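Chains as they are written, first to last, in our numbering: chain A, 31 to 496; chain B, 902 to 1610; chain C, 14 to 346.
Next comes the structure, spelled out in structure tokens:
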């Protein structure tokens, strides 16, 4: 194993590190911790956060890349393939390695399209062939149902066992008290209005159950079918998580410094600085975003053609294209935030304590960092969370007009794009579209729900309403 | 416009209700057209050029083929493809002369030939379509040739011109068009190529360019003469070539050599015309059975019967039978259809008369019988749909850039590597997955149906296939692995350096299907342990890379211009290499022996001697494997029962005139197939209304409670 | 403030804003030039337009000189004086844009004519989508605001968020599949003139309205709730006004300020149409015009569309400000 750190991996880990740093910092400061606690007081938000955490875990697993070793060579030193795989690929190998020839429906053991094959009598017939891997341990189609039930039951068994162990550990660590749990859960009046902790626990348990089902059934069947060249669709859906999550977060990470520095500078210094910055963002935001992105995508093609030698693997190429997409989405997205920050800085500057500190001759830089920036953080927070879901959705639309992520990269946009043709098939192939829809919907819904609570908690104007 | 549309919006609901009574709600055409003899087709991309001097693509030929008439055409039914006269009296035979101008006989050696003359005599009495450029006033002056700017200002369509006229087709129109090939402003794609063959053409081009720089007025080609094309009398003209080139007759059947009246240029070159989108590129003027009457490539293009058309007899029909005079269809509507799905759906609903088979609906459409022959499924048969298949005269191949240090060159190592890859890429699987079996794996560059193609055991590529039973079987993967080992790679790892082998594949990524295709290619290479890096890019960039020779492996295709092996072998001819002469040899293949044989083969007439040379050439390129030979796609065309004479002819472009439509049967079937299903909508609406009732109750209750307080 | 004075200030404001638009538009044009010419040399463009078989160098240089692409890009080093800047592609093409002379596309079509033709289909979709969308979202939002704090409210909000979380592509693909393919109620794609266009427009309009329902309803609900919690509403209610009266006479009227200004900002962009809807339904509007231009690398059209887009955007900004003063006289320009 030879570790590889792609550019987006590095940025993603920086992002996670800064997230952890922020959590640590916020937990020390009461004025930051308070709104966050109120975010978590809502059961929906707690549940959404659990799902987001699960997506994040998958994305982290998928961001640890390495060159696998090539087996079966005669040389003594290990030889590494130039292919790049991630830890998630290894974890999901039992699902991923069972590629078929072409389409197959969820849980099917026969292919979805006919093929010419030689029958026992030597005649060429055209019929649905058995799949190479899915259900190959069965001799007859009638066994599928009972086999599935047995495997699901065993998944349920594993799940109950794991949950029980977890409870025991929590109880023995005195994190929760058994009595309380039982009392709470048996109280019917609160059953439909769970506490935030309960909501999180229920969500966590549900996630665990689906993981356990995938782990026990996945290696033997294609739970969500296969695509045109026989790759497992569930695997593609899971791989799309990293793309979706990264496009939503990296874009923000890239644009944030520009937006904050320029926005604050414009609002604080006024004068020609303000004019120049306003000119810059008005100009940028008046160019239709799609055209900007299209131009950038074309430019990147040229760059990669001219420097073809620097990208020795498909992954590196796709990664660079992805990064550039984030970059250019960032360029189109920062103007809005910049405008808000400028306006807010203007307001703050007229407040008493800043005028006072300026009167005392405190340097601009320290005034900004001590008084202005901390008071802008809620705006930044809200805009990050609210932009996230829009960016995840934008990826799909951009891929449709061929300026999205690289076609070799697993993404929901690519799946939807391919699914357009599949829907016209007779009989229809619906599972690629469904999978992309499912994974994307859950992520965007969780992000929207969470974003709403964050806004409610941080935006004082809205908070008064409820 | 707004007012009109507002009014139309109001009227629309009524109109919609009336319209549904006699045709389906989903009918994309006005219901008044139901009883008209109209052909409905589609196009996916706006034709860029309709001027015969620059039109080359197939999607343009759909239109230009029906409008312009070159002197020759392909016989509609005969196979192998055979040329027959269209506007000329006979198919012209080349007359060869040597240096001294003496006649050389019908098939001389290419070295001896100094001049070739094609003397073409056209039929008298052929008329051009009605067009304003021919319109004359009482005194016989052209009405629309000296328009003032104000007069042009009000014109945006051809139909804005009040009067039209016509004129008889003469030999001068053909000569005029040959001169247009070199017009400095027209950029004919074949200009450079033709200067190699047509006498004096290159110098003529230079003379024209100088003339156009000297004078600011638009160039009148009639005032400039050149040796290559000359008018003999009113109906006869001559083309002179500087080399023996038997394939030239095929060019005479292409629209590059169709007649263009000088009046059209004089009309469209008036200042202000181009600014109003009035140009020959947009409004063709021809003698063919159809004329373009509506050109809105954002939506639809309409061909209408040319009222001046002389009427051509259906092949094999009796002369006395006036019913068999072509064309049969009155109009042809082509609608813009960018996505394949809506097009396919409309075909099934009966709104298009013919369609290709969409790969994704293949199983719904086609089934194979026990002998592997394709036929339609019961569902299609019950709709009365017909299927015609034909192997296309084209090849889709994967090329190795022969100047690349790894896969190129003539070294033993690269040769073995290329052969290993040729075996490993399972084109049979590709055909089965991506083309649903619609294709034949290629054994060499020549597709079936073209002279030089050999059927059966003698025709297989022995480096990739073995003859087993009675069919060609791809050699086993072990053979490929062994070849790779002999090339110095063990399981894809270089034995000397220990580096894994990575190859680069350049391709044009297009549309949603490309991703799976690229994955498939990677799978093929990984069978040998080779890591394939796919560099998908846009077509522009791809071409640039090929031009500069910076690609390593790439996939491309070639579609025959004419049914002759020369048109395929020249893709491997050394002097045609991309990096040498910007020619069409994209892999930059160089082999002296092959080149010599090519020069010989090029000027030979079809026969056993030529076959002999071709076999030797095939052996050389199969051994050197500059291409993975890929496959020859088969075209499957579906047509509805009311659509007659749907015979596939992959060479002829002017096929619309042969087609027929049974109008009453079509409108009956359309109505049958397109009964709208409304109940789910009604159910959904009532569901919403029911959902609102409780809300209403709550509202009323609340108000009451408040008022009661 | 007397009305004349008000008008005077409006007109001086407008002049200021319009003058300010010039440097912005020059900047926009500069950026498009840099982006497109870094990517695409004029040689590339020539090759795209001349096709791909048998193209010679001569043909390419001819093509370039015909369209004025043979000059230097930004600075003509071999010229003198003013000509250093004026003898360039940039100067040449930019000056023309400001007179709204878009010239000819690289494939030889008159761009202004194409835009004036294609803007109508775009409007036929975007205008009804906007109007019907407003009608539905506002009534739904009012309804939800009426039931605030109940189960209806919370489940409606969840429904809105769910609808927002679905990619627009799903609505289009699903709508085409259901209404055109299965139920055969409307044509799956295409367009026609005048009255006949209605059957082609039904589906895209329906999908446009449904796609915007979730976001719109939630947004207007927030605005209404904000108003409902204000003091004057409480007073009105205390006076015994019915809930319906409160909602219609006070809440809706006062909430109109943010709604109207938001809508006004959208108006100019209606001309540009929607890229994806138009491409899916084969509607010959400006959205599909832009996509085609990008895909065929027709720089002249892209430049014209970017310029038009920026002009409309700036127009939207100005209109918003004007609308603010008109609905709320307290705000001065």
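We put the CB at the ideal spot given by N, CA and C, even for glycine. Computed from a predicted structure; not experimentally measured.
Backbone secondary structure at residue i - three-state DSSP
i	result
residue 1438 (chain B)	strand
residue 1101 (chain B)	coil
residue 1016 (chain B)	strand
residue 850 (chain B)	There is no way to answer for residue 850 (chain B), as the model of chain B reaches only from 902 to 1610.
residue 1372 (chain B)	strand
residue 1179 (chain B)	coil
residue 1241 (chain B)	helix
residue 66 (chain C)	With a pLDDT of 49 at residue 66 (chain C), under the threshold of 50, the modelled position of that residue is not reliable, and the figure given next carries that caveat. Reduced to three states, the DSSP call for residue 66 (chain C) is coil.
residue 1555 (chain B)	coil
residue 1404 (chain B)	strand
residue 73 (chain A)	helix
residue 83 (chain A)	helix
residue 1284 (chain B)	coil
residue 1492 (chain B)	coil
Opening and closing residue of the alpha helix (DSSP H) in which residue i lies
i	result
residue 974 (chain B)	Careful: residue 974 (chain B) lies outside any alpha helix (DSSP H), inside the beta strand (DSSP E) at 973-975.
residue 926 (chain B)	Segment: none, residue 926 (chain B) is in no alpha helix (DSSP H) and carries neither H nor E.
residue 231 (chain A)	226-247
residue 1381 (chain B)	1378-1387
residue 303 (chain A)	301-316
Proximity to residue i [Cα-Cα], best of the options
i	options	result
residue 117 (chain A)	A:287, A:32 and A:77	A:32
residue 130 (chain A)	A:281, A:98, A:163 and A:157	A:163
residue 1385 (chain B)	B:1400, B:1340, B:1433 and B:1315	B:1315
residue 34 (chain C)	A:141, A:311 and A:189	A:311
residue 182 (chain A)	A:120, A:484, A:361 and A:250	A:250
residue 502 (chain A)	B:1507, B:1528, B:1429 and B:1522	For residue 502 (chain A) there is no data in the structure shown, the boundaries of chain A being 31 and 496.
residue 1086 (chain B)	B:954, B:1155, B:1129 and B:998	B:954
residue 153 (chain C)	C:123, C:233 and C:57	C:233
residue 323 (chain A)	A:366, A:122 and A:434	A:434
residue 95 (chain A)	A:46, A:34 and A:48	A:34
residue 242 (chain C)	C:227, C:229, C:259 and C:314	C:259
Limits of the unbroken beta strand (DSSP E) element including residue i
i	result
residue 472 (chain A)	Premise fails: residue 472 (chain A) lies in the alpha helix (DSSP H), 461-488, not in any beta strand (DSSP E).
residue 1141 (chain B)	1137-1142
Cβ-based burial, residue i [other Cβ within 10 Å; buried from 16]
i	result
residue 1588 (chain B)	exposed
residue 1250 (chain B)	buried
residue 1445 (chain B)	buried
residue 328 (chain A)	buried
residue 113 (chain C)	exposed
Where residue i meets chain A, residues with beta-carbon distance less than 8 Å
i	result
residue 1437 (chain B)	436, 437 and 438
Where residue i meets chain C, residues with beta-carbon distance less than 7 Å
i	result
residue 431 (chain A)	288 and 304
Residue i: contacting residues in chain C (beta-carbon distance under 9 Å)
i	result
residue 446 (chain A)	180, 182, 183 and 186
residue 1086 (chain B)	75 and 79
residue 1177 (chain B)	123 and 126
Partner residues on chain B for residue i, Cβ-Cβ distance less than 7 Å
i	result
residue 199 (chain C)	926 and 927
Beta-carbon neighbours of residue i, restricted to chain A and to distances below 7 Å
i	result
residue 220 (chain C)	Going along chain A, no residue has its Cβ under 7 Å from residue 220 (chain C), so there is no contact; the nearest lies around 14 Å.
residue 164 (chain C)	Result: empty, since nearest Cβ-Cβ is about 11 Å, beyond 7 Å.
residue 1199 (chain B)	The premise fails here: residue 1199 (chain B) is roughly 18 Å from chain A at the closest Cβ pair, so nothing lies under 7 Å.
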